[in-house]
Structure formats: C-alpha cells, structure tokens
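Protein chains in written order, with the UniProt record's numbering: chain A, 1 to 764; chain B, 1 to 336.
Where a beta carbon is used, it is the ideal one built from N, C-alpha and C, also for glycine.
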Ligand SMILES: Cc1cc2nc3c(=O)[nH]c(=O)nc-3n(C[C@H](O)[C@H](O)[C@H](O)COP(=O)(O)OP(=O)(O)OC[C@H]3O[C@@H](n4cnc5c(N)ncnc54)[C@H](O)[C@@H]3O)c2cc1C
C-alpha cells in the first residue's frame, strides 16, 4: 500500500509503471469504434470531386450525367452550397479554433491548388457517390501555377519568416579558415496515418450539430464549426473516441466542414471519408525545404558561428515550417544567424507534421555538425560535448532540465561507439560497407491549460473526463495511471472519457503536449475529491476518522486511513453511502505558469504551487536525446540498410515505459522513412503529386526497421509540472535522418545531403 | 468504380464465349490489379468474369510433346503456391525467387499467375485519370515522357509511351524461355513464346500483350533446363521490400567445364516488356564466368539504353545489377 497524504503532492506509484494499454484489447479485437464506423440510420454518403487544375477558376459544371446516376441524392458545388460565415482570421482566432487551411470549401469558383474540393456528390451508398463523382464534368479558366520551390524563391512574393541576427554571420564566415558551408534539401512529405480522415455529420434541426470527426483538435473544431455555421458552441458536439493516428495532419480541415454542409443541405446524416489519394492533396503536408548551413570553428574546435538559412513554401495559411527551431537551442556559438524565406506555391497548405521544423531542420544542422567534426578529424560526440549549450543560447535562460550529455554518455556505451573509426570506408562485410553515425535530438516542451473533471461513484468507480484525445499514443492509459495515483484507486476501477467536446476543455493533441498538459489537472481534480471525502469523513460521527485532523490522514486502496494506524480507516464507498452521496465530482484546471483553479476546499485543496510551473520566461523547456545508428551500404546497388539503432531520450518523468518506448520507436521509424524513402513527388506542370497512393509514397516496411534499443534518462523535469514529464511524441524522429546520413558517410565517404536516400542518390 | 456485372463460370469455353460476345467484359483473377484500376476509373469493364473456379490451378510435369520433361504451371494457381511448390523450388528456383521478390505476402496469396502476366503498368500517369496517357486513352498524349519518369523505361520505349511492365515473375519467365498456353474461340489453343507475349509500345501502347480479347491464359510452360544450381533473381528497389523494381535482373548459367555453356539474362523495370538481354547473353557464351566478362557483357547490353530525364541512373545500376546477379548465380544463388 503506497501511503499518500492528501494535501501533499501525490506519490507516484502507478505513474511510471509499464502498464499495458487500457484500450489495447479493444483495439486488437476490433471493438474500439473509430469515427467512420458510427453509421447512422438514413445516412447518406459523400464523395468529393477534386479540381484537376492547380490555379484558376471554374467556369461551369456539367452535372447532367452525374445527377442521373444511380442513388444520387444531390450534388453540391459553389453554385448551390450553403453559404458559411466568411473566413475572417481575427474572428476565428477569437473562437480559440483554427483551420489547417484557410479555405472554406464551395464558397466561390476559385481554384487554389490541384485536388481542391470543388464539389461533393451525395448518394445512398459510398460506391454510388464515388461513381457519380467521376461523371461530374468541370470546365475551367486555367492560370499558370507555381510548383517549383527554387523558382518561386526568386519571385517578389517571397516573404520573410522568423529572423534571428540576419546578415550578422557573413563577415565571420568569410574570414574563417575552418568552416563548412553546405546546402541540404528535404522533400515534401505527407502524414498518411493509417486511418483516413473521416467525418459523420448529424444535424438535429437547423441549429444543433453532432460531428463525428477524426480530428486532433476536439475543442477548436467545435469552436470553428460553430463559427462557420453560426451556431452556439454548446450546440455543436465533436466526437472522436479513437483516432487512427494524426501526426499533425488531422487539424480542422475542409472535409469535416463539407460533411456538415452536405448534411445541412439534404437534412440527413452524412458520412464523408476521404481516400488515400486525397490524403496527398487535401489535408496538409510538410513543405519541402532548402537549407544552407554554414559553421566555423576555432582551432580548438569551438564553434565561432552558426548560420542556418531556410526556405520552404506556404499557401493559404500563416503556418510555415519552423526549420531553424533546433538551431536556436543546440550548441554555443558567439554568432548565430537563423533566417527563413517563405515562397508561395499553388499547392494546398503545408501544416504541422510530426516534429515541425525540428524533424527537417535537424537533418541539416546535425549533418553539418558531423561534417564540421570530420573537418577537424574529431569524434562527433566529442565535438558535440565541446560545443554543448548548457543554457539556452538565444533566450539566455536556463533549461528546465537538460540531460543531453548523459544521453551521449549512455548512448556511446550501449551502442559500442568506441569502436567507430573517424576515417570513412574502414569496415567491410562482404558486399556491404559498414558505418556508424549519430545525431542529437531535441523537441520543445509544451504545456497548455487543461481542465479535468473526475466523478466518483459509490460503487467505487471513478470516471475521468476531459476533451483531450487518444491519438493512438496511450492517452487513455496514462490518464488512468495518473488518476489511480491521484485517488488511490485501482487501475481497473477507473474509466477515462476523452474525445468529446462536451467534456471539460483540453488543448488540442499536438506538439507532444497532452501528457504534460492534462495530467496535472487530473492530479488537481483528484486532490479536490480526496479533500472533499476527508471533509465529509471528519464531520461524520459514524466515521472512524471523525474529528481527526486532515494532516494525519492518508489514502490508498480506495480508503482514507490514519497515517499512524492503518486499521483506523474508512472506505470511499462507505463514506459516500453513509452520507447519501451517490456520486461526487470535482473539476480542476491546470494552467501552466499560473495556479490550478477549482473550487478550493478548506482545509486542503490542490497545492497551488504545483502549477506555478512552466514559466517560459524563467526556463527553456525541451526534451533531448541522442541517436546512434549502424548502417550497411551496398555501394554498387545504392542500397542502404539501417542495421541497428540505439537511442537515449531525456523526456523527463517516463509516465509509462511501454507507451513511451513505443513513441520513441515510432519516431525512429518515422525518421528512417524520412531518411531512406518518404517523398511526395510533384509534377510541376500540373502542380500535382505523382506519388498518389501508398504503392508510390513509401513508408518503411518491417524489413527496413532494425532492432531499436531505447533508453530513458527518466529524471523528472522540476519546472514543467508537478509530475515532471516533458513530451515524447515527437522527439524520437528528430535527428534520425542526420544520424543515418552521418553513418552513410562513415561507411562510404559519401555525403548525402538530399533526402530521401533512395538508391539513385548514391549514383549521382 | 462504375457499375458492372459480376459473373462466374467454371467452364473455360463458356468464359471464352462470354469474352467473345461481350467486348467490354474482362476476366477476374485474384483481383489485386483489376479492382484497383476499376476503383481509379482506369479500367471500366461492363462485366467481370470470375475465373478462379476454373481448374487450371495445378503445377505438373509435362509428359509428352515438344516440352516433355518441362513443367506446366496453371494460370489460376496462386503466386504464393507457385513459389512454394517443391518442383519449382528445386528445378526452377529463379521463378520462386522472382515471385517472392514481388508485392507482399497478402497480395501474392490472392494473385494468380495469369493475372500476374496481364497486370498493367504502374506508371502514375496511367493511374491518374486527370493526366493524359496514351495507354489509357489512345491519342491523349504521354505525360510521363517529359514528366516524372524515374520509374520508366530505358529500352524500347516510343514517343507515345515510356511505361514499364511491373512484374517480377515475368522477368524470370522470359529468361527461362517460358511458353504461354492460351485458350481461344471454339476451344482452339495456342502456344506463345514468352518473349513474344508482351509488346513494345510503338504507336499503340494501349496493347500490353498479344493476347486476343477472347483468349484466356490457361498454363505457363517451362522447358526443362540445367540452370537450377546457378540462377539468381536480384531486384533493386526504393525500400527493402514491397516496392516495384528500379531495375531487376534474372540470371541463369549452365557451365561446361570452366566455360559458360548457356546463359540467360533478363531485366525488369527497364521496358514495356520483360527485357531479354540477348547481347549480353551472346557475349558470354563460351567465356569464363569472371567479373571482367560479366562487366563487358553488361556494358554491351546497356550501351543501347536510352534513358529519360529522371532515370539515367538505371543505366549504371543496370550494369551493376547484372554483374551482381551473374556473380550470385555462379555462387549458386547464395549471398556473398
Ligand atoms: C501494392 C502492390 C504492390 C505490388 N508489387 C508488385 C511487385 O513488386 N512485383 C510484381 O511482380 N507485382 C507486384 N504487384 C502486382 C501483383 O503481382 C499483381 O496485381 C497480381 O499478380 C495480379 O494477379 P491477379 O490474379 O490479382 O490479377 P487480376 O487483378 O485479377 O487481373 C489482372 C489482369 O489480368 C487479367 N487476367 C487475369 N487472369 C487471366 C487469365 N487467366 N487470362 C487472361 N487474362 C487474365 C485480368 O482480366 C486483368 O486484366 C503489386 C500489386 C500491388 C497492389
């Protein structure tokens, strides 16, 4: 029995355990219900029609054949679709929601990119809708579209993104003798979670809407949907109990609005599930990047300057890839210049994709660091240690925690780095050249306000409620663990409800922020409940704890008891039943950098200091890590195999060994994909992707994935929250492609600077 | 996918008749290719005739006729069953290796041998009905020739089409001089040499092969050979598995003393048909099987390659893949 005192921070007995996923059984048996599976009576199916030009306007539709096609109920185009509240960035911001792409479908005849939704066919079955969609004939006035990033960067429409010390590095670079200056490129990539984006819209009259929606943004989606359809937010309900992966690609987007528009138009429930082909053109992507990195050193190997100049595209959004983000926090250098140029391309909006900025920016930075170390003939780990930034070099504040040096040390040992030769081409195994490479990973730590309500029933069950999200990462499990500790209740007696906008508000599930944001509110709500139970027990003449002092009381096993004598106890059930409380509820909001709010119950309540945490003026918050990889390169055939990976991650407190490990493994696999194969290839003449399905857009198969040895530092971050957990969802991908590139150099002496490293790249 | 009629028969003559009468009918094997193409609206048969109930599912020795001592592989035998067949594995390991280098286990479990021969190109412009494609719509133009053509042909293409045939199995079959047996109208059977089965695109790229509309593949015959101990299928692709070939090479050697008596070399991923490397073969006859000779042979063959903008690497890759495949074949197909 783990002893807990109510008005102290909760002991963490279940938190940190490698608990199996509480929803694992439901998922592997197919019982877990995903958005597209909530079929409704009288439901119609929607299938979008996409533009086949990238820029211009629609001059007409010929719907005669399509309308006559079997099962067709209606066809929506800009000519007959419901008019929504016009897009107004300021007003939308006020709602607290956002759109991944600032384009409301079917409101006018303008075409902004290839594949844009320009009509939607509604029919009795999916097959009928899909077929009729092919019969819709569209005529266009076509304009020339820009699809080439290099060309678009020469145009006057290029805008500047975040700039740090622009122009300040050139003088010192020019006069340095020990330097490298290189250009690295990364291609467009698409998220491709397993579950395609889906929505089912159910209207109840003209002013109440329920939307099953595969979204990462439960509350924000409700708010913007309410805005566009001129509804009260409380009259819109977004439901998404499970998400089949998002990776940033499931932000509020056109297809869910289309489903709601269609449902409104025909006054029936409507299901819209997009195809894999549409996932290439309609739900965001990672922009290609062109990155120039210049580094110079003094004779001792200390960096004197870091310059990272980045280019990417954007369109129909304020977002652009924050490519230089990791370059702000890694390595000391007296001069640091980071610039961003953003070109406009006539393509759908780029958006967040797992570790925005970091994933691609680290490829260039961490490759360049390796190149610089090689110039010095210095071991790249040594070089990184020598230039390690122990405080945030740009913000000039302390890191909340930073165990990167320990990551290096453990990684070097576990991987067997010592046997690596600095000189390339030293190890051969039959047809294979063998090389070792490594890179640093980093991802910023984010926390946002979250509210959690917990209900305790007198049958001993607790329900944890919050409009957070299960992306497939383990949220159900981790919230269960935290609630178990917060209440002293067994894991099996806790039910977690997320993915419903009617639940207390929680931040969108992105930026590796859910664990850090939501769990402190679980602790606070749990504490409120315990205090209330204690208050009732102390006041209850029938309780063994009657008249006792709160500070002498502990809790565990669904009981309160006297710390000094465990036999003097009272169970939650008994307390509630004797006092005619069928249920009890408490809710708490954990606001980073402020206090936990909630009805404070004297004499104890959530310790207010627990959320004085996450003060971003005082501390710089990041997860850190280091990847070590061994690659085998068949130089003749251009094939690269990653043979093993050792990765050490500093993510603060590890909430659950198993789910955390899975996140890191998933991140590393994502990184292997980015390094070796992932690429959305465009034909610039049409500004359309030619990698239209998963047969052409390659992600790793089992044979591409070697054993991945994951280690955690496991030290709680003292400043992010009372729990001390930083993010783990994204940091695992960061640096992987550089580690692989560095290993390929070590194996072959060839520097690959253009992702992905398909066999043809070794032939250039 | 357009509405279509589904019918089934286990009588080959009925199936042939149906194809003959209904010009817009197509056969359904495992469906792993045709159904995809129908969903993409590339193919739109009015009727699908499911022939998986026909009896051509066996693999058996041929006892008489011109191919006596060879083997007959049923057109409706699944790719997986073909690759796992003990006779195939022992006497025609090249065929088993080629099959297993293709697609995924799930797809191979569904796919039939006949369907594999008649699968269509994976050219992404062919698949995307928003793009012009002469193969899909004769006269529409070829988007690939000036487009993204990394995966496309370096041999035998025409200005109308630069697509490649995607099959791995067919590369092994053309190397081994297989014969395609088909059933035609009125119960008339004919034999087609494998190298004559698929076509180069010329001016009518809509035709992948020389099969008539009403003909059905019933068998693939493999003549007896002495290559089993020295053959190898090598496929180079953009990931370790489950990707179409950038270049693949089927190599088979028969030695006489320390000289090459017979050699077969075929390439995949380079042409509208599985490409027999005749020049390389001729060069190697009566030569010693060393790396220098393999290189000369490969260079001789690849001299005729006409790469496109994005597939220049295939020429050098083709040479190296051929040399490696021949070397591995000499090693008894074992990895070095
Ligand atoms: C994602 C993916 C990856 C793949 N990767 C590879 C790969 O790497 N290498 C490779 O070789 N293949 C690959 N394939 C292709 C696969 O091998 C073929 O789809 C399969 O062999 C086709 O067989 P099927 O029986 O399913 O054909 P179906 O789809 O049923 O038919 C294909 C065509 O053949 C015709 N047909 C079928 N049977 C006969 C017959 N007996 N006589 C005449 N015509 C007939 C049909 O009418 C149709 O036109 C891949 C497929 C997919 C979907």
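Where do the ends of the alpha helix (DSSP H) carrying residue i lie?
i	result
residue 590/A	Where residue 590/A is concerned, there is no enclosing alpha helix (DSSP H), although the beta strand (DSSP E) it sits in stretches over 583-590.
residue 343/A	Per DSSP, residue 343/A belongs to no alpha helix (DSSP H); it is in the beta strand (DSSP E), 335-344.
residue 383/A	380-386
residue 48/B	Segment 47-50 is the beta strand (DSSP E) holding residue 48/B; no alpha helix (DSSP H) there.
residue 61/A	Premise fails: residue 61/A lies in the beta strand (DSSP E), 56-62, not in any alpha helix (DSSP H).
residue 534/A	514-539
residue 666/A	657-676
Flag residue i as yes if its beta-carbon sits less than 8 Å from any beta-carbon of chain A, otherwise no.
i	result
residue 208/B	no
residue 190/B	no
residue 289/B	no
residue 321/B	yes
residue 313/B	yes
residue 4/B	no
residue 341/B	Outside the shown range of chain B (1 to 336) lies residue 341/B, about which nothing can therefore be said.
residue 195/B	no
residue 42/B	no
residue 316/B	yes
residue 239/B	yes
residue 302/B	no
To the nearest angstrom, how far is the alpha carbon of residue i from that of residue j?
i	j	result
residue 682/A	residue 739/A	27 Å
residue 713/A	residue 648/A	7 Å
residue 88/B	residue 95/B	7 Å
residue 83/A	residue 106/A	8 Å
residue 324/B	residue 35/B	36 Å
residue 200/A	residue 22/A	26 Å
residue 144/B	residue 125/B	7 Å
residue 380/A	residue 81/B	51 Å
residue 541/A	residue 571/A	15 Å
residue 339/B	residue 275/B	The question about residue 339/B has no answer here: the residues shown for chain B are numbered 1 through 336.
residue 196/B	residue 210/B	8 Å
residue 754/A	residue 184/A	6 Å
residue 351/A	residue 316/A	10 Å
residue 356/A	residue 281/A	19 Å
Hey, residue i and residue j: beta-carbon distance below 8 Å or not?
i	j	result
residue 12/B	residue 27/B	no
residue 70/B	residue 224/B	yes
residue 625/A	residue 513/A	no
residue 359/A	residue 733/A	yes
residue 292/B	residue 284/B	no
residue 436/A	residue 420/A	yes
residue 688/A	residue 114/A	yes
residue 633/A	residue 417/A	no
Hey, does residue i have any beta-carbon neighbour from chain B nearer than 8 Å?
i	result
residue 645/A	no
residue 188/A	no
residue 288/A	no
residue 127/A	yes
residue 695/A	yes
residue 145/A	no
residue 205/A	no
residue 698/A	yes
In terms of residue numbering, what span does the beta strand (DSSP E) encompassing residue i cover?
i	result
residue 25/A	Counting along the chain, residue 25/A falls outside any beta strand (DSSP E), though it belongs to the alpha helix (DSSP H) covering 24-28.
residue 709/A	708-712
residue 310/A	303-314
residue 452/A	450-457
residue 206/A	It is not in any beta strand (DSSP E) - residue 206/A carries neither H nor E in the DSSP assignment.
residue 261/B	259-268
So which residues on chain C does residue i lean against when the C-beta distance must stay under 9 Å?
i	result
residue 760/A	No chain C appears in the structure shown, which is made up of the protein chains A and B.
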